[in-house]
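Colleague: Numbering (the numbering used here), first residue to last: 200 to 378. Supplied in structure tokens, the structure appears directly below.
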């Protein structure tokens, strides 16, 4: 499964404002990236053989939780391998939330602290492969009082060492070089 070249993929970047207990982009100061149509999706693909393994490693295949949640200790990269779904980023009641239709072949890069949840599985077979930087595992935070060390965990989480699709080139790398 070759990825489409970066100049043929529509990329959107979204800085999402904090809301209630969801820090969103405020602590890590990184955008949520969506690579629209980055690859030709198939449930039979072996992502571990084509993604840059020094950047992210596949850890699961599933849909997305309907409960809004975020990870404070790692960025998350989601490769949509089947179906289509409406997802919410930022928290369901956040007036600045992003509601986004994602389709097979899209890739989403979720910074630590950015809330996300499934709103509607349009086809009944929405599946993603969740990937994380090597050696990282994710925590689950729900924006509730009493969740400890969220901001310090986000600050310590770090960022991707390259682009999770194209490795040493691509939007994540280009943005890091220009900042």
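A virtual CB, placed ideally from N, CA and C, is assigned to each residue, including glycine. Predicted, not measured: the structure shown is a model, and the values here were computed from it.
Relative to the alpha-carbon of residue 361, which residue among 259, 217, 274 and 282 has its alpha-carbon at the smallest distance?
Modeller: Mapped onto the chain shown, residue 361 falls at position 162. Here the closest residue by C-alpha is 274.
Colleague: Please list the terminal residues of the continuous alpha helix (DSSP H) segment that includes residue 370.
Modeller: Walking along the chain shown from the start, residue 370 turns up at place 171. Element bounds for residue 370: 370-377.
Colleague: Can you name, in chain order, every residue of its own chain whose Cβ lies under 7 Å from the Cβ of residue 222, other than the five neighbours on each side?
Modeller: Residue mapping note: residue 222 aligns to position 23 of the chain shown, counting from 1. 312, 349, 350 and 353, listed in sequence order.
Colleague: So what does residue 207 bridge to, in DSSP terms?
Modeller: Locating residue 207 in the chain shown gives position 8, counting from the first residue. Bridge partners of residue 207: none, in fact.
Colleague: Please report the straight-line C-alpha distance between residue 344 and residue 316, rounded to a whole angstrom.
Modeller: As a working mapping, residue 344 is identified with position 145 in the chain shown. As a working mapping, residue 316 is identified with position 117 in the chain shown. Residue 344 and residue 316: Cα-Cα distance of roughly 19 Å.
Colleague: Does the Cβ of residue 334 have 16 or more other Cβ atoms within 10 Å, making it buried, or fewer, making it exposed?
Modeller: As a first step, residue 334 is located in the chain shown; it is residue number 135 there, counting from the start. Under this definition residue 334 is an exposed residue.
Colleague: Might you give, ordered along the chain, the residues of its own chain that have their beta carbon closer than 8 Å to the beta carbon of residue 370, omitting 5 neighbours on each side?
Modeller: Indexing the chain shown from 1 puts residue 370 at position 171. Answer for residue 370: 205, 210, 212, 232, 234 and 362, listed in chain order.
Colleague: For residue 298, count the other beta carbons within 10 Å of its own beta carbon; 16 or more makes it buried, fewer makes it exposed. Which is it?
Modeller: Along the chain shown, read from residue 1 onward, the residue named residue 298 stands at position 99. With fewer than 16 other Cβ atoms within 10 Å, it is exposed.
Colleague: Any contact between the segment 214-221 and the segment 320-335? By contact I mean 3 or more CB pairs, one from each, below 8 Å.
Modeller: At 8 Å Cβ cutoff, the stretches do not touch.
Colleague: Is the Cβ-Cβ distance between residue 236 and residue 208 less than 8 Å?
Modeller: The sequence position of residue 236 within the chain shown is 37, counting from 1. The sequence position of residue 208 within the chain shown is 9, counting from 1. It is a contact, given that the beta carbons lie within the stated cut-off.
Colleague: Starting from residue 233, trace the alpha helix (DSSP H) in both directions and tell me its first and last residue.
Modeller: Indexing the chain shown from 1 puts residue 233 at position 34. First-last for residue 233: 231-235, but that is the beta strand (DSSP E), not the alpha helix (DSSP H).
Colleague: Pick helix, strand or coil for residue 350, following the three-state DSSP scheme.
Modeller: Numbered from its first residue, the chain shown carries residue 350 at position 151. Three-state DSSP puts residue 350 in a helix.
Colleague: May I have the straight-line CA-CA distance separating residue 282 from residue 322, to the nearest angstrom?
Modeller: Indexing the chain shown from 1 puts residue 282 at position 83. Indexing the chain shown from 1 puts residue 322 at position 123. The straight-line gap from Cα to Cα measures roughly 6 Å.
Colleague: Should residue 340 and residue 270 be called a contact, given that it needs their Cβ atoms to be closer than 8 Å?
Modeller: The residue given as residue 340 occupies position 141 in the chain shown. The residue given as residue 270 occupies position 71 in the chain shown. Result yes, Cβ atoms of residue 340 and residue 270 sit closer than 8 Å.
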